[in-house]
Each structure stands twice: as structure tokens, then as C-alpha cells.
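Everything below concerns the one structure shown next.
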């Protein structure tokens, strides 16, 4: 593929790496990631492409049993995403960037829930909750004011993530429980926060469950047009409740 433009060669190497990782071959996938890195060395690439490579490389290290290396790479990717303030407004590019960010934060949350193993479970859940709230707050802020934080927003407006500590101290009553759901590309993360505890559950299939939630939301938004549609919506609600609760 030497005659292809650099962007296509880079994307091909990334996709080969993704396919190899999905086939359970993280070492071969990591070689493709390094190949993509060699292709892009010294070139000014879009942040989205750098994020994609970092997330894929982190997943390779995770599957090779090197969680510390994976966390370092995901931390670097998170810093790039947080610092990016002038994202292009092209809809296709923004969809790709959004998908990469969801993949980044679902992978990061999954690792934080599992490592370090000697950290209490509640503390691991708290760290994952806080990380996901940063992603959600930034995404909501961009939807409200656009990708450039200074455009259309008050001068002193900045997104302020909610933390588990703030919820437990100032928001939740003794008999209240907050359930927060995050559907990533690979897994579904459900976090439960009360005044006294923070717990988490993650399971595979986050992408498919997320799609079911979106379809259910659309069905509610459009309103039942027939008795059959209402019955289908109720059945979907029951199935999702069983999965999530």
C-alpha cells in the first residue's frame, strides 16, 4: 500500500490492529499500532487519529496483562481529549471523535474497576465514576455550547463534573441511590452511589445494550401509535430493566 496517501495507510494499519485485537491476537495488533506510529512520526495529525491509536495500543497492553502500561496510555489520551478545544465542526469527523472518546472512557473505566487489585472495591468504583462524569460533563457542555468552549457560552462558563464525593456529601439523602449507566463499545458499566457506598458492575455487550436503550428512547419520544407499539415498548422496558437493575 506504499502508493496510497498517508491518511489511508495510517487508517489501514489502525483497522488491521483493531481486527487482530478482536481475533484475540494482541501481540500482532500491537505491531500494527507501532507500524501506524512509524507512519505518522513527525507529522501533524488530527487529535482524533492520535486518540484512536493510543486507545488501541492501550487495549493491546490490557489484553497482554500489562494494565499499568494501558492506564498510562489512556491517561495520555484523556489529556489530549480534555485539552482539545477547537474541534472541527464537520459532522462525520465529530461522530468519529465521539465514538473514539466513548471507547477511551469505557476502556479506562473498566481498567480502573479492576486495578489495582489491592485497592478497596468502593475506591475503584469511585475513581471510575469520577472519570466517566468528566467525559459526560464535557460532552454535555459541547452539545450546549459547541466544541469551542468560548463560542456561545458565558465568559466564565466551564463544565464542572459531578464527583461521587460531592453526591455523597451534599446531594443524596440517606434513603436515596443513584444508578449511573455508561454503554461503551465493549462493555456496559453500571455504577451505584449512595451516602455510604459506591459499587460498580461491568459486563460485555455495552454497544448492543446502548443501541437498545436508544431505540427505546426514540419509541418513547415518538409516542405509541398503536396498541401493538405500546405493548412492544412495555416489553422493551421490562427487558432493559432486567438487564440494568
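In this note's numbering, the protein residues as written are 15 to 259.
Backbone N, C-alpha and C define an ideal beta-carbon position, used for all residues, glycine too.
Proximity below 8 Å, CB of residue i to CB of residue j
i	j	result
residue 35	residue 74	yes
residue 9	residue 151	Any question about residue 9 goes unanswered here, given that the chain covers just 15 to 259.
residue 205	residue 128	no
residue 91	residue 53	no
residue 116	residue 199	yes
residue 47	residue 67	yes
residue 226	residue 254	yes
Option nearest residue i by Cα separation, candidates the options
i	options	result
residue 149	138, 120, 158 and 139	120
residue 246	118, 234 and 142	234
residue 45	65, 155, 72 and 22	72
residue 178	47, 145 and 155	145
residue 211	200, 201 and 188	188
residue 259	236, 154, 214 and 82	214
residue 49	23, 38, 39 and 33	23
residue 130	95, 84 and 236	84
residue 76	40, 248 and 236	40
Whole-angstrom C-beta distance between residue j and residue i, which should lie under 8 Å
i	j	result
residue 122	residue 88	4 Å
residue 203	residue 216	5 Å
residue 230	residue 251	7 Å
residue 112	residue 201	Going by Cβ atoms, the distance from residue 112 to residue 201 rounds to 18 Å, so no, they are not a contact pair.
Where the alpha helix (DSSP H) through residue i begins and ends
i	result
residue 139	135–159
residue 88	81–97
residue 197	Premise fails: residue 197 lies in the beta strand (DSSP E), 192–197, not in any alpha helix (DSSP H).
residue 27	20–36
Residue i Cβ short of 7 Å to the ligand ADP heavy atom set
i	result
residue 207	What this structure holds is no ligand at all, so the ligand ADP is not there to describe.
Residue i versus residue j - alpha carbon distance
i	j	result
residue 20	residue 70	19 Å
residue 165	residue 228	Because the pLDDT of residue 165 is 47, which lies under 50, any placement of that residue in the model is unreliable, and the number read from its coordinates should be weighed accordingly. Using only the alpha carbons, I get a separation of about 29 Å.
residue 25	residue 185	45 Å
residue 224	residue 114	15 Å
residue 241	residue 118	41 Å
residue 168	residue 64	Bear in mind that a pLDDT of 49 at residue 168, under 50, signals an unreliable position, so the model cannot answer this.
residue 256	residue 208	21 Å
residue 192	residue 134	20 Å
residue 190	residue 183	12 Å
residue 30	residue 81	22 Å
residue 278	residue 51	In this structure the chain extends from 15 to 259, so residue 278 is not present and cannot be described.
residue 153	residue 136	26 Å
residue 159	residue 222	29 Å
residue 232	residue 147	24 Å
residue 96	residue 157	15 Å
residue 140	residue 132	15 Å
residue 38	residue 32	10 Å
residue 93	residue 249	42 Å
residue 236	residue 218	29 Å
Residue i, enclosing beta strand (DSSP E) - first and last residue
i	result
residue 217	212–218
residue 246	Here residue 246 belongs to no beta strand (DSSP E); instead the alpha helix (DSSP H) covers 241–258.
residue 205	201–207
Any chain C beta carbon closer than 8 Å to residue i
i	result
residue 20	Any reference to chain C falls outside this structure, which holds one protein chain only.
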